[in-house]
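Counting in the numbering used here, the sequence shown runs from 1 upward without gaps.
All C-beta atoms, glycine included, are put in the ideal place defined by N, C-alpha and C.
Here the structure is laid out as structure tokens; the discussion comes afterwards.
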Amino acid sequence: MNDVTTAPGADLPEHPDFLWRNPEPKKNYDVVIIGGGGHGLATAHYLAKNHGITNVAVLEKGWLAGGNMARNTTLIRSNYLWDESAAIYEHALKLWEGLEDDLGYPILFSQRGVLNLAHTEQDIRDSVRRVEANKLNGIDAEWLGPDEVKRICPIINTSGDIRYPVRGATYQPRAGIAKHDYVAWGFARRVDEAGVDLIQDCEVTGFTVDGDRVTGVRTSRGDIGCGTVALCAAGHTSVLLDELGVRTPLQSHPLQALVSELLEPVHPTIVMSNAVHVYVSQAHKGELVMGAGVDSYNGYGQRGAFHIIERQMAAAVELFPVFARAHLLRSWAGIVDVTPDASPIVGHTPYENVFVNAGWGTGGFKATPGLGWCFAHTIAHGQPHPYVAPFSLDRFTTGALVDEHGAAAVAH
Numbered sequence: 001m002n003d004v005t006t007a008p009g010a011d012l013p014e015h016p017d018f019l020w021r022n023p024e025p026k027k028n029y030d031v032v033i034i035g036g037g038g039h040g041l042a043t044a045h046y047l048a049k050n051h052g053i054t055n056v057a058v059l060e061k062g063w064l065a066g067g068n069m070a071r072n073t074t075l076i077r078s079n080y081l082w083d084e085s086a087a088i089y090e091h092a093l094k095l096w097e098g099l100e101d102d103l104g105y106p107i108l109f110s111q112r113g114v115l116n117l118a119h120t121e122q123d124i125r126d127s128v129r130r131v132e133a134n135k136l137n138g139i140d141a142e143w144l145g146p147d148e149v150k151r152i153c154p155i156i157n158t159s160g161d162i163r164y165p166v167r168g169a170t171y172q173p174r175a176g177i178a179k180h181d182y183v184a185w186g187f188a189r190r191v192d193e194a195g196v197d198l199i200q201d202c203e204v205t206g207f208t209v210d211g212d213r214v215t216g217v218r219t220s221r222g223d224i225g226c227g228t229v230a231l232c233a234a235g236h237t238s239v240l241l242d243e244l245g246v247r248t249p250l251q252s253h254p255l256q257a258l259v260s261e262l263l264e265p266v267h268p269t270i271v272m273s274n275a276v277h278v279y280v281s282q283a284h285k286g287e288l289v290m291g292a293g294v295d296s297y298n299g300y301g302q303r304g305a306f307h308i309i310e311r312q313m314a315a316a317v318e319l320f321p322v323f324a325r326a327h328l329l330r331s332w333a334g335i336v337d338v339t340p341d342a343s344p345i346v347g348h349t350p351y352e353n354v355f356v357n358a359g360w361g362t363g364g365f366k367a368t369p370g371l372g373w374c375f376a377h378t379i380a381h382g383q384p385h386p387y388v389a390p391f392s393l394d395r396f397t398t399g400a401l402v403d404e405h406g407a408a409a410v411a412h
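The following block contains the structure:
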């Protein structure tokens, strides 16, 4: 009998005793997905749901959804500047809005809106430009003055005597947060029901290759044959592609976040500021969830430098004086993979049957269902879905970049 994974307190009307099986790997699969985080699970879900492909293994070197999926700050929005970015993130947001019904599992998706603050004249120009671009793409977006910002978020400091006074903000009402663990469990439960094998504690160590095809995956639990390989390994994608001799313009960095002690509900929305480099929301249980930018050095450690946290706290307290006496509960870091144009890489590799999904930087969680939908389509049809076609690896040789580094006004 297979082992099972339990989740105390979960509402599981169909499977009262477990969420998913822990099967032994089979000798061969039609599709092997490397990476059991949000993107890997979502890809498996839509392969089964949209394309009827269920002879699939999701390989995870640790525990399911224990990487960046467990280490993000759960922000969901689609108000990106460039058409290509806005399209994939808006597709994802629309899927988020129906995901709880799709998965048959609570994900605590809360559409509380996001404010992206402007502190200078240049911020204002960039922000208004982005609002107008969003409107052209059918995305909900507004420009708000300081008084309107204060109305939406009463605890924010809008006085004119701070280092970076709030001059206004963009506002996307449909943005929000979701419970990341519940999202992962919902996807895992659904793909297990479809017959997909979720194989934990299974590290990929290499590949067997025949010409321009990968015929198998070498793992810590034995060799596994495959028809197609899909890489969803986030910060470790470049390590895996190095095994195949494929160089990618990816850099991995730690990205830190932290939470406070539990507080009464005081923060009704999400506030982000690129100038002071902090973003803040309040989770369902009451803790403040705060993030900043990536640590500047490259690395694979799941912790970062103290000065990043120190500056993040200084920025948060300046914007929200009411937080000055809150206590920090814990901090952590994930490993984010970043490309030169701050946009993802999705699609073909030089190997005929190997597809890559990487480079999402700090935007991976919010893209989860949209990427899963489009990557599953790409795998099933052998051609990129229109929403991810602009993010092919060859754009770094053609020069057709999608430069989101400063375009979206924020990094997250």
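Residue i - DSSP class collapsed to helix/strand/coil
| i | result |
| --- | --- |
| G359 | coil |
| A42 | helix |
| T397 | helix |
| I379 | helix |
| Y105 | coil |
| D295 | coil |
| D83 | helix |
| N50 | helix |
| M69 | helix |
| A188 | helix |
| H348 | strand |
| F391 | helix |
| Y182 | helix |
| P369 | helix |
| P317 | Here residue 317 is Val; the residue named in the question, Pro, does not match the sequence. Reduced to three states, the DSSP call for V317 is helix. |
| T158 | coil |
| N274 | coil |
Check whether residue i and residue j have beta carbons under 8 angstroms apart
| i | j | result |
| --- | --- | --- |
| R71 | G334 | yes |
| G37 | M69 | yes |
| Q312 | V278 | yes |
| I379 | L75 | no |
| T43 | C232 | yes |
| V356 | V294 | no |
| V280 | L288 | yes |
| W185 | L19 | yes |
| D212 | N137 | no |
| R112 | N79 | no |
| V271 | I34 | no |
| V56 | L117 | no |
| G195 | G168 | no |
| L393 | A188 | no |
Minimum C-alpha distance to residue i - residue among the options
| i | options | result |
| --- | --- | --- |
| L263 | A326, G291 and D394 | A326 |
| T269 | N137, I33, L144 and A175 | A175 |
| V354 | F375, T362 and V336 | F375 |
| Q251 | A400, D192, P344 and S159 | P344 |
| N22 | R163, D161, G35 and L64 | L64 |
| R330 | G304, V338, L319 and R213 | G304 |
| G160 | L319, E142, D192 and G245 | L319 |
| T417 | S296, R247 and Q302 | Residue numbering for the chain in the displayed model covers 1 to 412; residue 417 lies beyond these limits and cannot be assessed. |
| W96 | G382, T368, F391 and L393 | T368 |
| Q302 | W332, L328 and G222 | W332 |
| I309 | G372, L328 and Y300 | L328 |
| D30 | A230, L241 and T362 | A230 |
Inter-residue spacing [alpha-carbon to alpha-carbon] between residue i and residue j
| i | j | result |
| --- | --- | --- |
| L258 | Q282 | 12 angstroms |
| D341 | V239 | 20 angstroms |
| A389 | P321 | 45 angstroms |
| A234 | L198 | 18 angstroms |
| L81 | V128 | 11 angstroms |
| Q172 | E404 | 18 angstroms |
| G67 | D140 | 31 angstroms |
| G291 | K27 | 42 angstroms |
| L255 | G364 | 12 angstroms |
| V32 | N134 | 37 angstroms |
| I224 | V191 | 20 angstroms |
| A314 | K285 | 24 angstroms |
| L401 | P249 | 12 angstroms |
| T339 | V317 | 31 angstroms |
| E24 | C202 | 10 angstroms |
| C153 | E261 | 20 angstroms |
| D181 | D147 | 36 angstroms |
| A124 | E132 | Here the sequence assigns Ile to residue 124, which means Ala is not the residue at that position. Those two C-alpha atoms are separated by around 12 angstroms. |
Same chain, Cβ closer than 6 angstroms to residue i, five either side skipped, listed in chain order
| i | result |
| --- | --- |
| V183 | I107 |
| A10 | Low confidence applies to A10: its pLDDT is 42, below 50, so where it sits in the model is not reliable, and the reading given next is rough at best. Excluding positions up to five away in sequence, the list is empty. |
7 angstroms Cβ shell around residue i - same chain, five flanking residues per side excluded
| i | result |
| --- | --- |
| H51 | A376 and A380 |
| K366 | L75, I76, R77, Y89 and A92 |
| E243 | G206 and F207 |
| P8 | Because the pLDDT at P8 is just 39, under 50, the model does not fix this residue reliably, and the point stays unresolved. |
| D102 | none |
Contact set for residue i: own chain, Cβ-Cβ below 8 angstroms, skip 5 residues either direction
| i | result |
| --- | --- |
| S296 | H253 |
| K150 | I156 and T158 |
| E352 | D212 and R213 |
| H119 | Y164, P165, V166, R167, S273, A275 and V276 |
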